[in-house]
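K.L.:
In our numbering, the protein residues as written are 21 to 113.
1) Note down, in chain order, each residue of its chain lying with its Cβ closer than 6 Å to the Cβ of residue 35, except the 5 sequence neighbours on either side.
2) Give me, in chain order, the residues of the same chain whose beta-carbon lies closer than 8 Å to that of residue 82; leave out the 5 immediate sequence neighbours on both sides.
3) Give every residue of the same chain whose Cβ lies closer than 7 Å to the Cβ of residue 107, excluding the five residues on either side of it in the sequence, and list them in chain order.
4) What number of angstroms, rounded off, separates the C-alpha of residue 21 from the C-alpha of residue 31?
5) Pull up the distance between the alpha-carbon of residue 47 and that of residue 37, whole angstroms please.
6) Excluding the 5 residues flanking residue 67 on each side, which residues of the same chain have their C-beta closer than 7 Å to its C-beta?
7) Could you have a look at residue 99 and say whether DSSP puts it in helix, strand or coil?
8) Drop a sphere of 10 angstroms on the beta-carbon of residue 39, count the other beta-carbons inside from all chains shown, and report buried for 16 or more, exposed for fewer.
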């Protein structure tokens, strides 16, 4: 019996491009980048939310996956300091 697992998140083209660049995965094809990102998201121990986005931390770095809550779309991967995280939470960006 075979079975296919569907991930909870989809990726925008921009999100895949940023993940490839910022995670230093430029030599991988986009399918492999998606799989690598899903493993990082599944293994993440920290995340926070605003009214529109979920920010999921990449372990051992200051990078976050930014996920649109409406459609579970990974919009981008961005570096965020602690002060920037507080600013995002306070302003509900």
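Every residue gets a Cβ at the ideal spot worked out from N, C-alpha and C, and that includes glycine. In this text, all values refer to a predicted model and were calculated from it rather than measured experimentally.
P.N.:
Let me spell this out:
1) The residue you call residue 35 lines up with position 15 of the chain shown. Setting aside the 5 residues that flank it on each side, residue 35 is surrounded in the same chain by 94, 95 and 96, each with a C-beta closer than 6 Å to its C-beta; the list follows chain order.
2) Counted from its first residue, the chain shown places residue 82 at position 62. Beyond the five residues adjoining it in sequence on each side, residue 82 comes within less than 8 Å, by CB distance, of 99, 100 and 101 in the same chain, given in chain order.
3) On the chain shown, residue 107 is found 87 positions in, with the first residue counted as 1. Closer than 7 Å at Cβ, skipping near neighbours: no residue.
4) To locate residue 21, count along the chain shown from 1; it is residue 1. To locate residue 31, count along the chain shown from 1; it is residue 11. Below a pLDDT of 50, predicted positions are generally treated as unreliable, and residue 21, at 44, falls in that range; the measurement from the model is reported next regardless. Going by the C-alpha atoms only, they are around 28 Å apart.
5) Position 27 of the chain shown, counted from the first residue, corresponds to residue 47. Position 17 of the chain shown, counted from the first residue, corresponds to residue 37. Take the alpha-carbon of residue 47 and the one of residue 37: they are about 12 Å apart.
6) Position 47 of the chain shown holds residue 67. When the five nearest sequence neighbours on each side are left out, the beta carbons in the same chain lying within less than 7 Å of the beta carbon of residue 67 are those of 74, 75, 76 and 77, in order along the chain.
7) For the purposes of this step, residue 99 is identified with residue 79 of the chain shown, where counting begins at 1. The DSSP-derived three-state label of residue 99 is strand.
8) In the chain shown, the residue the question calls residue 39 occupies position 19. Buried, because 16 or more other Cβ atoms sit within 10 Å of the Cβ of residue 39.
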